[in-house]
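S.K.: What the sequence shown shows, in the working numbering, is residues 70 to 318, in sequence order.
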Amino acid sequence: MLLANKVVLVTGGAGINGLGFATALQMASHGALVAIMDLEGARPEEAARRLGEEHLGVVASVTDKAAVDRAVEQVLARFDRIDILVNNAGITQPRKTVDITAEDYDAVLDVSLRGTLLCSQAVIPVMERQGSGSIICISSVSAQRGGGILGGPHYSAAKAGVLGLARAMARELGSAGIRVNCIAPGLIGTDIIKGKLTEAKKAEIAETIPLGRLGRPNDVAGACVFLGSDLSAYCTGITLDVNGGMLIH
Ligand code: NAD
70 MLLANKVVLV TGGAGINGLG FATALQMASH GALVAIMDLE GARPEEAARR LGEEHLGVVA
130 SVTDKAAVDR AVEQVLARFD RIDILVNNAG ITQPRKTVDI TAEDYDAVLD VSLRGTLLCS
190 QAVIPVMERQ GSGSIICISS VSAQRGGGIL GGPHYSAAKA GVLGLARAMA RELGSAGIRV
250 NCIAPGLIGT DIIKGKLTEA KKAEIAETIP LGRLGRPNDV AGACVFLGSD LSAYCTGITL
310 DVNGGMLIH
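Structure, rendered in structure tokens:
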């Protein structure tokens, strides 16, 4: 039990095929009490019930400061502390640079980058009072190699922004006992890629990956358990690549 009695808040954690839910499940199996924050339509309460009655679902868009603050209050009312925040909510869009509209830019940047900032801002005072905390930000290989497989340049920019934000928060918050780290997943089989790649294309991509397959949500969940737990007590400001060797640098 690496996370016994730790309270974790996972954003964008309601989709049962997603990285967030896999993380929530693996953290719960390590003894954590989990709060899943997601959009109303994604039914976070239902997702939390799948984990067990002791867990909590809260509705909020990570782009909405007031809603995020309310959701964090709900988590505190139930569990009285927050030890781990997983900034996981994110959306992507396939676009060429010249086709990115202002609306596209706002949509993609708001969820990944503004969302990471707003959720971190909401939990940092709580972690400061506790004198400890771990913030895990889900970036992407797309930020590191200039484009993933599916997302447009605005997605790469949003995820690169997450890397910079996380590193700067790590530097600022270390003295308060708060660690901040990123995970950069490669191509993981979740709903975000559903219907966008043929089986033949997936097989073709898998051949270019040293470990010979696309990632699974649990591959990322395991990295989150590591960064949330005391196993990573001396890690802050790092980027943990979970990409099967797709990018070695
Ligand atoms: P997903 O689409 O399965 O899950 C995303 C979740 O975020 C959904 O539950 C959705 O409802 C939620 N969400 C969307 N907008 C939200 C908002 N405004 N407020 C709160 N929740 C919101 O995708 P996934 O593949 O599980 O992706 C999870 C994270 O991992 C994302 O940040 C994504 O960019 C990143 N990522 C995914 C891959 C991949 O290949 N799947 C690779 C690199 C990075």
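All C-beta atoms, glycine included, are put in the ideal place defined by N, C-alpha and C.
By DSSP's criteria, A253 is part of a beta bridge. Which residues make up the other side?
M.R.: D310
S.K.: Could you give the residue range of the beta strand (DSSP E) that holds I105?
M.R.: Note, I105: beta strand (DSSP E), 102 to 107.
S.K.: For the alpha helix (DSSP H) holding S225, just list the boundary residues, first then last.
M.R.: 222 to 242 is the span of the alpha helix (DSSP H), which, as asked, contains S225.
S.K.: Taking Q213 as the reference, which of G89, I85, D260, G314 has the closest Cα?
M.R.: With distances taken between Cα atoms, Q213 lies closest to G314.
S.K.: Closest to Q143 by CA distance: which of V195, I204, C206, V210 is it?
M.R.: Nearest option by C-alpha distance: V195.
S.K.: Using a Cβ-Cβ cutoff of less than 6 Å, which residues in the same chain neighbour N312 once the five nearest sequence positions on both sides are dropped?
M.R.: V210, G255
S.K.: What I want to know is whether the C-beta of T92 ends up closer than 7 Å to one or more non-hydrogen atoms of the ligand NAD.
M.R.: no
S.K.: Considering only the alpha carbon of each residue, which of D138, G291, L71, R236 lies closest to H99?
M.R.: L71
S.K.: Does the Cβ of P194 lie closer than 7 Å to at least one heavy atom of the ligand NAD?
M.R.: Taking non-hydrogen atoms of the ligand NAD into account, the C-beta of P194 is found less than 7 Å away from none of them.
S.K.: Closer than 7 Å to a non-hydrogen atom of the ligand NAD - does that hold for the CB of I274?
M.R.: no
S.K.: Would the beta-carbon of I278 be found less than 7 Å away from any heavy atom of the ligand NAD?
M.R.: no
S.K.: Check whether the Cβ of V127 lies closer than 7 Å to any heavy atom of the ligand NAD, and answer yes or no.
M.R.: Flag unset: Cβ of V127 not near the ligand NAD.
S.K.: A227: which of R119, A292, Y174 sits nearest, CA to CA?
M.R.: Y174
S.K.: Compare the beta carbon distance of L234 and L186 with 8 Å and say whether it is the shorter of the two.
M.R.: Closer than 8 Å, so yes.
S.K.: Would you mind reading off the limits of the beta strand (DSSP E) that contains N156?
M.R.: 153 to 156
S.K.: What is the DSSP secondary structure of T267, reduced to helix, strand or coil?
M.R.: coil
S.K.: Distance, Cα to Cα, R248 vs V77?
M.R.: 14 Å
S.K.: Looking at the structure shown, is C188 part of a helix, part of a strand, or coil, going by DSSP?
M.R.: helix
S.K.: For T185, is the beta carbon positioned less than 7 Å from some heavy atom of the ligand NAD?
M.R.: no
S.K.: Cβ of N157 within 8 Å of Cβ of T80?
M.R.: yes
S.K.: Which runs of the beta strand (DSSP E) spanning at least 3 residues fall entirely within the stretch 120 to 205, listed in chain order?
M.R.: Listed in chain order, they are 125 to 128, 153 to 156.
S.K.: In or out: L182 buried (at least 16 other Cβ within 10 Å) or exposed?
M.R.: buried
S.K.: Could you give the residue range of the alpha helix (DSSP H) that holds T92?
M.R.: 88 to 98
S.K.: Check I262 in the structure and name its three-state DSSP category.
M.R.: helix
S.K.: Does the beta-carbon of L25, which I'm using as the reference point, lie nearer than 7 Å to any heavy atom of the ligand NAD?
M.R.: This structure cannot settle anything about residue 25, because the visible part of the chain is limited to 70 through 318.
S.K.: Mind checking K75: buried by the 16 CB within 10 Å criterion, or exposed?
M.R.: buried
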